[in-house]
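What follows is one structure encoded as structure tokens, with my remarks underneath.
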Amino acid sequence: MIVKLDGARKYWEGADDEAAYMNECFGPVSFAVAVDSAGDAVELLRRTVREKGAMTVGAYTTDEGVEEAVREACLEECAQLSLNLTGGVYVNQTAAFSDFHGSGGNPAANAALCDGGFVANRFRVVEVRR
């Protein structure tokens, strides 16, 4: 299922659509959220990961500046990023390519199958796959 929502209206303006994409929704469900600019999209991504978490982020862009902004947001907010991949992108795909399932660093991925936190909780693992 793909759900199209208007993200250009901000939550402080009383946006009703935000409730849909700022809550957990078991899927497979993808949200296509319209925003005013790539910068707004990156900030919405950052806020969503910080407040609600993300097991995986899939991003698609041809703009190197947008790519860098998304990469930085995911690294800073501890979200696994799949950038410009073709084919299927799976929520738990990082478990297939490493020993980690989630980063252990955001609300949706606050534990990992083999999180280094049992030794020293200050360590986190974040990946960018291309």
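Okay, so the sequence shown: first residue is 1396 according to my numbering, each after it adds one.
Where is the CB? At the ideal position from N, CA and C, for every residue including glycine.
This structure is a prediction, so every number in the text was calculated from the model and none was measured.
Beta-carbon gap between residue i and residue j smaller than 9 Å
{"i": "residue 1520", "j": "residue 1474", "result": "no"}
{"i": "residue 1446", "j": "residue 1454", "result": "no"}
Whole-angstrom distance between residue j and residue i, CA atom to CA atom
{"i": "residue 1433", "j": "residue 1502", "result": "24 Å"}
{"i": "residue 1472", "j": "residue 1458", "result": "21 Å"}
{"i": "residue 1500", "j": "residue 1451", "result": "12 Å"}
{"i": "residue 1427", "j": "residue 1464", "result": "19 Å"}
{"i": "residue 1419", "j": "residue 1456", "result": "25 Å"}
{"i": "residue 1460", "j": "residue 1483", "result": "25 Å"}
Beta-carbon proximity list for residue i, same chain, < 7 Å, skipping 5 on both sides
{"i": "residue 1470", "result": "1521"}
{"i": "residue 1468", "result": "1437, 1440 and 1441"}
Chain-order list of residues whose beta-carbon lies under 6 Å from that of residue i (same chain, five-residue window excluded)
{"i": "residue 1438", "result": "none"}
{"i": "residue 1449", "result": "1474 and 1503"}
Beta-carbon proximity list for residue i, same chain, < 8 Å, skipping 5 on both sides
{"i": "residue 1466", "result": "1476, 1478 and 1523"}
{"i": "residue 1480", "result": "1453, 1524 and 1525"}
9 Å Cβ cutoff, residue i in contact with chain C
{"i": "residue 1461", "result": "As a matter of chain content, chain C is missing from the structure shown, which is built from one protein chain."}
_So within the stretch 1433-1459, which uninterrupted alpha helix (DSSP H) runs reach at least 4 residues, ignoring any that extend past its ends?_
Taking only runs of at least 4 residues, the alpha helix (DSSP H) segments lying wholly in the stretch 1433-1459 are 1433-1446.
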